[in-house]
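Taking mature numbering (1 follows the signal peptide of the UniProt record, and there is no 0), I'd label the letters of the sequence shown as residues -20 to -1, 1 to 235.
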Amino acid sequence: MVARLSLISIFAMLFAIATSQQCYGVDGTALDKTYIPCNLSAKHSGCCASKDICLSNGLCMATTNEFIGTLRQSGCTDATGKDAACPKACPSVNNDFDGFNPVSAWSIQTCDYGRYCCRALNDRRSCCKNSTAPQINSSFKAILQLQTSTTTAVSTGKPLNATATRNPDVCKKERQDTAIVGGTIGAIFGAIIMGLAATILCMHKRERRQRRLKEHYEEQFSQTNAYRKALASSASSLRGSVTVEGTKLKSSGPD
């Protein structure tokens, strides 16, 4: 009973924290409740849509529809964007958008190796060769985060710096991070493959059912046509017989 009450208290506390933190877009405007802070225990945190994956650098990874895997800069709990936890890959209210047109959220497009560009979230046009679009020439360092009060971190990629020697502890940690990344990516792709397999199986069953119905109706139609032809042939024969009988009756009358 005590354990259950403690669990309820923890969830209530987390819910209170989540609802008390307001998320703001990169232009400083308030976002609706579909955007959630990535780190509830921090004073300020990057924000992502509830269906997106939080990254430690404040960016988000989309997981829905054709946008799956793309990076986004959605906003922060600091309306000014000045807090260190706020994403700063693309221009924001923090730096007056560096002279670019203000947007509520950015979509980050991958261009050549090590280079990215920023475009408005709903803009489908490529920004890689657009001189008027913000360009990012640095690599990203990002860690996956769960949207809870505690953070589970796995490395999604680290820019490598050339050094003469490497710290064994660092190497060991990187190997562990890489293993965790491999497991996480494997689980994601496994779920995607299972979903595709289920969809294909459903489509196959539906197609097979439609094919059987088509064959059934074609068979019924064929039988109906055969019956109609047989009926028409019988009717024609019957009319011929009546005509012949009528002729015989006329010919057998009185002279």
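Beta carbons are placed, not taken as given, at the ideal position from N, Cα and C, and that holds for glycine.
For residue i, three-class secondary structure by DSSP
i           : result
residue 19  : strand
residue 55  : coil
residue 181 : helix
residue 90  : strand
residue 144 : Because residue 144 carries a pLDDT of 33, less than 50, the predicted location of this residue cannot be relied on, and the following value inherits that uncertainty. Reduced to three states, the DSSP call for residue 144 is coil.
residue 35  : strand
residue 48  : coil
residue 5   : coil
residue 236 : The structure shown has nothing for residue 236, since the chain only spans -20 to 235.
residue 247 : Nothing can be reported for residue 247: it is not among the residues displayed for the chain, which extend from -20 to 235.
residue 188 : helix
residue 85  : coil
residue 113 : coil
residue 29  : strand
residue 42  : coil
With 16 other Cβ atoms within 10 Å as the buried cut-off, status of residue i
i           : result
residue 188 : exposed
residue 16  : buried
residue 39  : buried
residue 23  : exposed
residue 93  : exposed
residue 25  : buried
residue 11  : buried
residue 37  : buried
residue 19  : buried
residue 31  : exposed
residue 59  : buried
residue 48  : exposed
residue 5   : buried
residue 13  : exposed
residue 61  : buried
residue 167 : exposed
residue 54  : buried
residue 165 : exposed
residue 42  : buried
Supposed contact pair residue j and residue i - C-beta distance, whole angstroms, cut 8 angstroms
i           : j          : result
residue 114 : residue 56 : Not confirmed; about 17 angstroms, so no contact.
residue 87  : residue 52 : 6 angstroms
residue 117 : residue 95 : 6 angstroms
residue 74  : residue 66 : 7 angstroms
Chain-order list of residues whose beta-carbon lies under 7 angstroms from that of residue i (same chain, five-residue window excluded)
i           : result
residue 80  : 71 and 114
residue 9   : 84
residue 90  : 96
residue 2   : 10 and 57
residue 213 : none
residue 179 : none
Beta carbon proximity, residue i to chain C, threshold 8 angstroms
i           : result
residue 179 : No chain C appears in this structure, which consists of one protein chain only.
Contacts around residue i, its chain only, beta-carbon distance under 6 angstroms, and the 5 residues preceding and following it disregarded
i           : result
residue 44  : 31
residue 63  : 24
residue 108 : 91 and 97
residue 68  : none
residue 177 : none
Residues near residue i by beta carbon distance below 8 angstroms, same chain, minus five either side
i           : result
residue 103 : 87
residue 78  : 71 and 114
residue 112 : 80
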